[in-house]
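Protein chains: 2
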Amino acid sequence: MRPRLADVAARAGVSIKTVSNVINDFPHISTQTREKVTAAIEELGYRPNLSARNLAKGRTGVIVLGVPRLDMPYFASLAMQLITAAEAASWWVQIRQTRGERAAELELLAETRQSRIDGMVLSPLRLRESDLAERSGLPLVMLGERRFAAVDHVGIDNAAAAASAVQHLLETGRRRIAVVGGPGRTDRRVVGARATLRAHGLDLPAALHLPVRGVTGRHGEEAMKAFLGSGHPMPEAVFCVTDWLAMGVIRALRLHGFAVPDDVAVMGFDDIPYDLAALPTLSTIAPDREEIARLAVASLRRQEGATAPEVQHTVVGHRLVPRESTAATGPVPTTRR
Amino acid sequence: MRPRLADVAARAGVSIKTVSNVINDFPHISTQTREKVTAAIEELGYRPNLSARNLAKGRTGVIVLGVPRLDMPYFASLAMQLITAAEAASWWVQIRQTRGERAAELELLAETRQSRIDGMVLSPLRLRESDLAERSGLPLVMLGERRFAAVDHVGIDNAAAAASAVQHLLETGRRRIAVVGGPGRTDRRVVGARATLRAHGLDLPAALHLPVRGVTGRHGEEAMKAFLGSGHPMPEAVFCVTDWLAMGVIRALRLHGFAVPDDVAVMGFDDIPYDLAALPTLSTIAPDREEIARLAVASLRRQEGATAPEVQHTVVGHRLVPRESTAATGPVPTTRR
DNA sequence: CGCAGGGTTTACAGCGCTAGAAATCTGCTC
DNA sequence: GAGCAGATTTCTAGCGCTGTAAACCCTGCG
Chain A
1 MRPRLADVAA RAGVSIKTVS NVINDFPHIS TQTREKVTAA IEELGYRPNL
51 SARNLAKGRT GVIVLGVPRL DMPYFASLAM QLITAAEAAS WWVQIRQTRG
101 ERAAELELLA ETRQSRIDGM VLSPLRLRES DLAERSGLPL VMLGERRFAA
151 VDHVGIDNAA AAASAVQHLL ETGRRRIAVV GGPGRTDRRV VGARATLRAH
201 GLDLPAALHL PVRGVTGRHG EEAMKAFLGS GHPMPEAVFC VTDWLAMGVI
251 RALRLHGFAV PDDVAVMGFD DIPYDLAALP TLSTIAPDRE EIARLAVASL
301 RRQEGATAPE VQHTVVGHRL VPRESTAATG PVPTTRR
Chain B
1 MRPRLADVAA RAGVSIKTVS NVINDFPHIS TQTREKVTAA IEELGYRPNL
51 SARNLAKGRT GVIVLGVPRL DMPYFASLAM QLITAAEAAS WWVQIRQTRG
101 ERAAELELLA ETRQSRIDGM VLSPLRLRES DLAERSGLPL VMLGERRFAA
151 VDHVGIDNAA AAASAVQHLL ETGRRRIAVV GGPGRTDRRV VGARATLRAH
201 GLDLPAALHL PVRGVTGRHG EEAMKAFLGS GHPMPEAVFC VTDWLAMGVI
251 RALRLHGFAV PDDVAVMGFD DIPYDLAALP TLSTIAPDRE EIARLAVASL
301 RRQEGATAPE VQHTVVGHRL VPRESTAATG PVPTTRR
């Protein structure tokens, strides 16, 4: 049988509660006692029983992660990170998919009221500020582009990240730059891109802003195809607000005979964990996902403790990852035949 | 406060244990009582507290999934499926990475003995039959190519799947076929491919069998580069034992000026959830991962119940997914310039 | 030298559920 | 109509842990 608190207590010659106190880092424990207990724990290889702990503490040990879709590598990867981060807080993560539908997102928000979970991490796409009335006091933290005034948020500075992406394109000598993404100017990434162009005395003409109805490869391919059919002069580079879009854009470009990056450079965003055997490998912006996951869990714990925790919006870092798709010279030699 | 068993009991006018009996499907419950209880559960929206249940039942509610690496999309996707399947059995999945190292795999096997988990799903790469002595009575099920006599196994028929892949290449008119994968003939996929070639009066000459030390894009790229440098006449098609290898192979081919599938068709294996915006999209074999996950959990539950369960090796289905990389005519038009 | 006052430790009552054993209720036989 | 077997339900004791409150033990001061 695996050792229990009582076994540790007996071995250390103290009471059960003292062992519990040591484990939970309660104040007022003499160094001597602490050492005795720690030694006993070590010798017995004791590990607390989470079921019992959660039961006694009245928590369920479960948090929910709400994402649009799990087969989007960005969210799959985020989920993995969150699972790891949550484990440290003895939480396990129940993953729910919203398919980006408003109804599903509202439903999740409503579930906040049944006390079946200890907290929720939500990556909303269609939620509005006013929807948050649905919310109960349950610990909640939002991820993604949108920030809500009344709820904790963890994310990167999308505008700044997009700016550095465009900056990179400019630095590699491209001036005429198209932007793929966002059906509105609410899109921080588009905003950041546009601002950077403007700061360099350039513009984002309507023809070079390719709106999309989604962010997958298919959407990117369609948007670029539409552009290619429009007869507008080609851009020297394309900034896509997601890697998926970029993959589709590259496909469309190549199907039309354009070489990437030789004819057109393409930049993505997200650093989805695709195989680097892609051709060309994709230059992108890598949000610090591990940090996002860690801080999301930290936010939940903070809220769990306090009765009326103050709202915190946290900005985590991102990295520019230049790869082949924006290289000055492409890796693909002239084709035979 | 969320409803407890006692609340349901009060509402239905029966004892707590009766409600518990209904929930756990115990025999000897009158239809009338069952209906009363079910109604009460419904009205109150009762859901059992898993912590309490697990505590009382003496299980931990945790199973371990041991995979080589989680950033391999195949395993990420498998993990997701397993998490879903395990949820139905009130288990949550703790994911452990072995990096394909024998030591790490043995360590996991050893953990089987501390009763900290209810079961283990293992996808071993380097384990030997004899290592299983390490194993305790804990429910264990293996995934992957290797079958062990003494342990439950769930997987596809790799040889048959590889056979159908090669068959597909033959049917699209390719005769000279190379195989990338396996540093030994233990590899069922290589065996299946070779057998199919032989059955068609063809051979797998040593020059066309490209062994690899791993199964990622990098390994595929290196193997194909080495071949291209060898001066051997080109094959018309390449069958790779994983999609990742295939991505690398395609990259190497294209960097050398070969078009896929026009000059060389490439076939993968696994159907990793890559973006279909790849160019060309990858023809592959898709194992029924959902079924694998479901059956793995079922195996664990079966073993949990019995004291000396008989060993079951289960074969699940796979599908041939033809895409662009093996099409008769390629999607890439002649390049401009 | 006694006692206040703090730091430390212990006792004990649950958290919500399940597993026996015990109690009760049927319907049936004689 | 009593007696009995089997079906059905209730009683009771934990599962291993934490929170509260009370008990303990030491200083240091008067």
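If you read the protein sequences in the order shown, they are chains A and B. For what it's worth, UniProt numbering labels the leading residue of the first sequence as 1, then goes sequentially. For what it's worth, UniProt numbering labels the leading residue of the second sequence as 1, then goes sequentially. All C-beta atoms, glycine included, are put in the ideal place defined by N, C-alpha and C. If you're wondering where the values come from, they're calculated on a predicted model, not measured in any experiment.
Could you spell out the range, first to last residue, of the alpha helix (DSSP H) harbouring H256 (chain B)? Looking at the DSSP string, H256 (chain B) is not in any alpha helix (DSSP H), and its letter there is neither H nor E.
Which of the three DSSP states is assigned to S283 (chain B) in this structure? The DSSP-derived three-state label of S283 (chain B) is strand.
Determine, using beta carbons only, whether D271 (chain A) comes closer than 8 Å to chain B. No, D271 (chain A) does not count as interfacial toward chain B.
Could you check the C-alpha separation between A237 (chain B) and D71 (chain A) for me, to the nearest Å? Taking the straight line from one Cα to the other gives about 30 Å.
Classify T38 (chain B) as helix, strand or coil using the three-state DSSP reduction. DSSP places T38 (chain B) in helix when its eight states are reduced to three.
Buried versus exposed call for R185 (chain B) [16 or more other C-beta atoms within 10 Å across all chains shown]: Legend: pLDDT at R185 (chain B) = 45, less than 50; position of this residue unreliable, value from coordinates given subsequently. Answer is exposed; the Cβ neighbour count stays below 16.
Pair within 8 Å by beta-carbon distance, V8 (chain B) and I41 (chain B): Cβ distance < 8 Å, so V8 (chain B) and I41 (chain B) count as in contact.
Along the region 16 to 44 of chain A, where does the CB come closer than 7 Å to a CB of chain B? Name the residues. So nothing in the stretch comes that close.
Is the region 127 to 136 of chain A touching the region 289 to 309 of chain A in the sense that three or more CB pairs, one from each, lie closer than 8 Å? With a cut-off of 8 Å on Cβ pairs, the region 289 to 309 of chain A is not in contact with the region 127 to 136 of chain A, counting fewer than three such pairs.
List, from N- to C-terminal side, the alpha helix (DSSP H) runs of 4 residues or more that fit wholly inside the region 29 to 97 of chain B. Within the region 29 to 97 of chain B, the complete alpha helix (DSSP H) runs of at least 4 residues are 31 to 44, 50 to 57, 73 to 87.
Can you tell me whether G317 (chain A) is buried or exposed, with buried defined as 16 or more other CB within 10 angstroms of its CB? Burial is judged here by how many other beta carbons sit within 10 angstroms of a residue's own beta carbon; G317 (chain A) has fewer than 16 and is exposed.
Spell out whether any CB of chain B is found under 8 Å from the CB atom of D288 (chain A). Not one chain B Cβ lies under 8 Å of D288 (chain A).
Quick one, which of B:G61, B:L78, B:E129 has its alpha-carbon nearest G119 (chain B)'s? With distances taken between Cα atoms, G119 (chain B) lies closest to B:G61.
Kindly indicate which residue of A:T281, A:D271, A:R319 has the alpha-carbon position closest to the one of Y74 (chain A). Here the closest residue by C-alpha is A:D271.
Once DSSP output is grouped into helix, strand and coil, what is the label at R188 (chain A)? Residue state, collapsed to three classes: helix.
Counting only beta-carbon atoms, is S130 (chain B) nearer than 8 Å to chain A? Chain A, which has no Cβ nearer than 8 Å to the Cβ of S130 (chain B), makes this no.
Scan the region 282 to 308 of chain B for residues whose Cβ lies nearer than 8 Å to a Cβ of chain A and list them as they occur along the chain. Residues: none.
Around the Cβ of F26 (chain B), are there at least 16 other Cβ atoms within 10 angstroms (buried) or fewer (exposed)? If you draw a 10 Å sphere on the C-beta of F26 (chain B), you find fewer than 16 other C-beta atoms in it, and that means exposed.
Three-state secondary structure (DSSP) of G231 (chain A): Shown here, G231 (chain A) sits in coil according to DSSP, grouped into three states, outside any helix or strand.
Is DSSP giving residue 338 (chain A) helix, strand or coil here? Lying before the first or after the last residue shown, residue 338 (chain A) is absent from chain A, which here runs from 1 to 337.
Assign D187 (chain B) to one of two classes, buried (16 or more other C-beta atoms within 10 Å of its C-beta) or exposed (fewer than that). Buried is the label assigned to D187 (chain B), since at least 16 other Cβ atoms lie within 10 Å of its Cβ.
Between which two residues does the beta strand (DSSP E) carrying G155 (chain B) extend? First-last of the beta strand (DSSP E) with G155 (chain B): 152 to 156.
Proximity below 8 Å, CB of T284 (chain A) to CB of G268 (chain A): The Cβ-Cβ distance between T284 (chain A) and G268 (chain A) falls below 8 Å.
Bridge partner(s) assigned by DSSP for F239 (chain A): Residue pairing by DSSP places F239 (chain A) opposite A:V179, A:M267 in a beta bridge.
Helix, strand or coil, according to DSSP, for L300 (chain A) in the structure here? In the structure shown, L300 (chain A) falls within a helical segment according to DSSP collapsed to helix, strand and coil.
Taking any Cβ of chain A, which residues in the region 206 to 225 of chain B have a Cβ under 8 Å from it, in chain order? Cβ contacts with chain A come from T216, G217, R218, G220, E221.
Coarse secondary structure for K17 (chain A), derived from DSSP in three states: In the structure shown, K17 (chain A) sits in a helix (DSSP, three-state: H, G or I).
Examine chain A for any beta-carbon lying closer than 8 Å to the beta-carbon of N158 (chain B), and answer yes or no. False, the Cβ-Cβ gap to chain A never drops below 8 Å.
Please go through the same chain and pick out, in chain order, the residues whose beta-carbon is closer than 8 Å to the beta-carbon of G248 (chain A), but skip the five residues on each side of it. Only T216, G217, R218, H219, G220, E221, E222, A223, M224 meet the Cβ criterion.
What residues in its chain sit with their C-beta under 6 Å from that of E145 (chain B), if we drop five residues either side in the sequence? Around E145 (chain B): N158, R188.
Counting only runs of 3+ residues fully inside the region 120 to 153 of chain A, write out the beta strand (DSSP E) ranges in chain order. Those beta strand (DSSP E) runs which fall completely within the region 120 to 153 of chain A and span 3+ residues are 140 to 143.
At a Cβ cut of 8 Å, what residues of the region 105 to 122 of chain B count as close to chain A, listed as they run along the chain? Correct list: Q114, S115, R116.
Segment limits, alpha helix (DSSP H) that includes V315 (chain A): For V315 (chain A), no alpha helix (DSSP H) run applies; the uninterrupted beta strand (DSSP E) run containing it begins and ends at 313 to 316, by DSSP.
For L127 (chain B) and chain A, any beta-carbon pair shorter than 8 Å? Closer than 8 Å: no.
I'd like to know whether the C-beta atoms of V321 (chain B) and F239 (chain B) end up nearer to each other than 8 Å. Against a cut-off of 8 Å, the Cβ pair of F239 (chain B) and V321 (chain B) comes out as no contact.
Which of helix, strand or coil does DSSP assign to V321 (chain A)? In the three-state DSSP reduction, V321 (chain A) falls in the strand class (E or B).
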